[in-house]
Amino acid sequence: MKLNVTIIRSKRKSISLRVNDSNRIEVRVPIKISKEEIEQFVRSKTSWIKKQIEENERKQLFSKQFDFERHNYILGKTFEKEPNFSYKNRAEQVLHQLAQIISKEINIEYKSYRVITSKRLWGSFSSQKELSLNYKCIILPENLTRYIIIHELCHSKEMNHSPKFWNLVKKFCPNYKILKKQLNDYSFLLKQKDLK
Ligand SMILES: [Zn+2]
Numbered sequence: 050m051k052l053n054v055t056i057i058r059s060k061r062k063s064i065s066l067r068v069n070d071s072n073r074i075e076v077r078v079p080i081k082i083s084k085e086e087i088e089q090f091v092r093s094k095t096s097w098i099k100k101q102i103e104e105n106e107r108k109q110l111f112s113k114q115f116d117f118e119r120h121n122y123i124l125g126k127t128f129e130k131e132p133n134f135s136y137k138n139r140a141e142q143v144l145h146q147l148a149q150i151i152s153k154e155i156n157i158e159y160k161s162y163r164v165i166t167s168k169r170l171w172g173s174f175s176s177q178k179e180l181s182l183n184y185k186c187i188i189l190p191e192n193l194t195r196y197i198i199i200h201e202l203c204h205s206k207e208m209n210h211s212p213k214f215w216n217l218v219k220k221f222c223p224n225y226k227i228l229k230k231q232l233n234d235y236s237f238l239l240k241q242k243d244l245k
């Protein structure tokens, strides 16, 4: 297997290795380290690297099933593309409705709600109890959107990702670990340019 490796030297003590989305391997190393040592390190991680590349390819294949030119996707269902359709407008109504239902169901309230555009976050919850949801949540299958809303609302009780927080999420969403993994497959949506 031919590896595409970039070496980044800096003032650091250890070596770290990362496979980015385009399958390039970034190795961060201390300034005074020999080429041989770096090569040896990379070689020792070959099977891990291979796994990462396979995972990238699987995710790319997954993302190819979506055709935003021809279809609209709402809560996991596929529709013909409507003229003048706006994901942001639809998200305002649909996500808020869902948030209200879930908030009642799990008995955790929020004070305000807004739809956000973010290349990094599906949602967030502020100390002022404002629930923010990325408009792209509307594209996800409903169980994943539910998980995101439950996750954010649970931050009303625990403003962190401690075991206590995850226990609370688990109470309302027993299979949250599986959902978290599934959600990871949709991360291409976050990075994608704005959807009309
Ligand atoms: Zn969180």
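For the sequence shown, our numbering assigns the number 50 to the initial residue and increments by one for each residue that follows. The beta-carbon is built from N, C-alpha and C at its ideal position, and this holds for glycine as well.
In this structure K185 does not touch L110 by the C-beta definition: roughly 20 angstroms separates them, more than the 8 angstroms allowed. DSSP lists L182 as the beta-bridge partner residues of V164.
Ordered by chain, the residues meeting the criterion of a beta-carbon within less than 6 angstroms of a non-hydrogen atom of ligand 1 are H200, H204, H210.
The alpha-carbon of I151 is positioned some 22 angstroms away from that of P212.
Burial check for F128: the Cβ neighbour count within 10 Å stays below 16, so the residue is exposed.
For N53, same chain residues with a beta-carbon under 7 angstroms away, outside a window of 5 residues either side, are N72, R73, I74 in chain order. Annotation: S181 to E131 spans about 26 angstroms, alpha carbon to alpha carbon. Residue environment analysis places E201 among the buried positions, since at least 16 neighbouring C-beta atoms fall within 10 angstroms of its C-beta.
The alpha-carbon of K178 is positioned some 25 angstroms away from that of S236. Judged by their CB atoms, T194 and L239 are not nearer to each other than the 9 angstroms cut-off. In the structure shown, the three-state DSSP call for E88 is helix. Here K94 carries a coil assignment [DSSP, helix/strand/coil].
Bounds of the alpha helix (DSSP H) holding Y225 are 225-233.
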